[in-house]
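**Q**
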Amino acid sequence: MNAVPPTMTPGKAGRASFGQGAAGASSRKWAALQEAANVVATLAGLEQERPGAEVRNFPALIKDAAKWRRELADQQIDDMTAMMQPGIAALLGVNARGADPRPAALALWREYVAARGAVLALLPPSGNMGPPRTA
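According to the working numbering, the stretch in the sequence shown is residues 1233 to 1367, in order.
1) Just reading off the alpha helix (DSSP H) that ARG1215 is part of, what are its end residues?
2) So, do the region 1320-1331 and the region 1254-1266 have three or more beta carbon pairs nearer to each other than 8 Å?
3) Specify, as a first and last residue, the run of the alpha helix (DSSP H) that GLU1286 falls within.
4) Determine the burial state of PRO1357: buried for a count of at least 16 other Cβ atoms within 10 Å of its Cβ, exposed for fewer.
5) Look at the alpha carbon of VAL1271 and the alpha carbon of TRP1300, and state the distance between them as a whole number of angstroms.
6) Would LEU1379 pass as a contact of ALA1347 if the rule is Cβ separation under 8 Å?
7) Smallest Cα separation from VAL1351: which of GLU1303, GLU1281, ALA1257 and GLU1279?
8) Rounded to a whole number of angstroms, what is the C-alpha to C-alpha distance between ALA1257 and ALA1305?
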């Protein structure tokens, strides 16, 4: 008997997969990225952003997208994670030494916002009635 549900799509090693069965892992990865962005915003001296519906619901919305959109989103999120992890570590180090992390944090914040915009652009159009729903 196969314990893997048929809706589970195998992802590439180390990559979140936005297939039907991987919603939990991808949601956690996306949420962690948003938390990291809040840390960067704080270090930049900005107010923490209130995420819009597209940001909050991204994992649920992207799972219904075409496969190429999901794969590109997976890659972009991995790239964003690779950008944010060392960036935050460096910013915390600067802050711990008593230096001003705001200019560097603001640069990282701007990079994050641009990358997030590119990921959100991968969402399929939803029209005025929201994303397509199936019963």
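Backbone N, C-alpha and C define an ideal beta-carbon position, used for all residues, glycine too.
**A** So, to answer that:
1) Residue numbering for the chain in the displayed model covers 1233 to 1367; residue 1215 lies beyond these limits and cannot be assessed.
2) no
3) By 1-based counting over the sequence shown, the position of residue 1286 is 54. GLU1286 -> alpha helix (DSSP H) spans 1285-1288.
4) In the sequence shown, the residue the question calls residue 1357 occupies position 125. With fewer than 16 other Cβ atoms within 10 Å, it is exposed.
5) Working through the sequence shown from its first residue, we reach residue 1271 at position 39. Working through the sequence shown from its first residue, we reach residue 1300 at position 68. Roughly 31 Å separates the two Cα atoms.
6) This structure cannot settle anything about residue 1379, because the visible part of the chain is limited to 1233 through 1367.
7) Numbered from 1 along the sequence shown, position 119 holds the residue referred to as residue 1351. Cα-wise, what sits closest to VAL1351 is GLU1303.
8) In the sequence shown, residue 1257 corresponds to position 25, counting from 1. In the sequence shown, residue 1305 corresponds to position 73, counting from 1. When rounded, the distance between both Cα atoms is 14 Å.
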